[in-house]
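Scroll down for the structure; my scribbles are underneath it.
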Amino acid sequence: MKIIMLGAPGAGKGTQAKRIAEKYGIPHISTGDIFRANIKEGTELGQKAKTYMDQGLLVPDDLVVDLVVDRLGQDDCTRGYVLDGFPRTIPQAESLDAALAKLGEKMEYAIDVDVPDENIVNRMGGRRACVGCGATYHVVFNPTKVEGICDACGEKLILRDDDKPETVQKRLTVYHQQTQPLIDYYNNAGILKSVDGTMEMDDVFDAIVKILGE
Numbered sequence: 002m003k004i005i006m007l008g009a010p011g012a013g014k015g016t017q018a019k020r021i022a023e024k025y026g027i028p029h030i031s032t033g034d035i036f037r038a039n040i041k042e043g044t045e046l047g048q049k050a051k052t053y054m055d056q057g058l059l060v061p062d063d064l065v066v067d068l069v070v071d072r073l074g075q076d077d078c079t080r081g082y083v084l085d086g087f088p089r090t091i092p093q094a095e096s097l098d099a100a101l102a103k104l105g106e107k108m109e110y111a112i113d114v115d116v117p118d119e120n121i122v123n124r125m126g127g128r129r130a131c132v133g134c135g136a137t138y139h140v141v142f143n144p145t146k147v148e149g150i151c152d153a154c155g156e157k158l159i160l161r162d163d164d165k166p167e168t169v170q171k172r173l174t175v176y177h178q179q180t181q182p183l184i185d186y187y188n189n190a191g192i193l194k195s196v197d198g199t200m201e202m203d204d205v206f207d208a209i210v211k212i213l214g215e
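Structure follows, in structure tokens:
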């Protein structure tokens, strides 16, 4: 079961990806985790990625694909995986498909968690992050027991810069320019499935399970 999660920032695809991984016993893979693991382990690919990241530059597509394909070759991926946050662009998607084809494999599902921009701006504006442990909450959907205080460690919560409405709007603009075309790409490939991301989280998950099967 090889799955790609699509959706705008704040659509909730990361949350759903974790739940899919848990239910089906497959790894939840994000490029951020891959970068961190390779850098920590000092791998050749990790060192290459670090040279770009240290300069504040984006890691080139070919290197990102190499890192992802290397991760997909590990033993825990034999039954499948769920990719979260990758690919982000058509060139990345094409490179991933080409790399998988060499292994005699291909993606099976691209699940788009569809949420209108207006909902996302409102949703992300309510997110709060702990300055201590990094735990995240939401003032409406996942509030803390004591307002403004982290349940886990007792530190205060903040509205992160990247959750402020003006920043969210910029991120959505970039998403529509770069990542939205992936919807058409995977639709043309015949593997795109869309779910209504404005529903309750459990309902979104139920809709995904219907697509993937029990």
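Quick note: the sequence shown uses the working numbering, first residue 2, plus one each step.
All C-beta atoms in this analysis are idealised placements derived from N, C-alpha and C, irrespective of residue type, glycine included.
To the nearest angstrom, report how far apart residue i and residue j are at their CA atoms.
i	j	result
Thr-90	Leu-183	7 Å
Ala-111	Gln-48	30 Å
Val-122	Glu-167	9 Å
Gly-155	Val-140	16 Å
Glu-119	Leu-7	18 Å
Ala-190	Lys-165	36 Å
Glu-42	Asp-62	21 Å
Val-205	Ala-9	15 Å
Lys-103	Leu-73	13 Å
Gly-127	Gly-105	44 Å
Asp-55	Phe-142	36 Å
Val-65	His-177	21 Å
Quick check on residue i: buried or exposed, where buried means 16 or more other Cβ atoms within 10 Å of its Cβ?
i	result
Val-175	exposed
Val-147	exposed
Leu-173	buried
Asp-85	buried
Gly-214	exposed
Below 7 Å between beta carbons: does that hold for residue i and residue j?
i	j	result
Val-169	Met-125	yes
Gly-198	Gly-13	yes
Pro-88	Leu-97	yes
Lys-3	Gly-81	yes
Ile-5	Met-108	yes
Between residue i and the rest of its own chain, which residues show a CB-CB distance below 7 Å, the 5 nearest in sequence each way excluded?
i	result
Lys-51	Ile-40
Ile-209	Gln-17, Ile-21, Ile-112 and Val-196
Cys-78	Pro-28
Beta-carbon within less than 6 Å of residue i's beta-carbon, same chain only, minus the 5 sequence neighbours each way: which residues are those?
i	result
Ala-153	Cys-134 and Ala-136
Val-60	Ala-50 and Tyr-53
Phe-36	Ala-50
Thr-145	Tyr-138 and Asp-152
What does a CB cutoff of less than 8 Å around residue i pick up in its chain, not counting 5 residues either side in sequence?
i	result
Gln-179	Arg-89 and Thr-90
Exercise for the section: Report yes or no: do three or more beta-carbon pairs, one from the region 57 to 69 and one from the region 82 to 101, lie closer than 8 Å? Expected result: yes
Handout entry: Inter-stretch contact (C-beta, 8 Å, three-pair minimum) for the region 127 to 145 and the region 158 to 167
Key = yes
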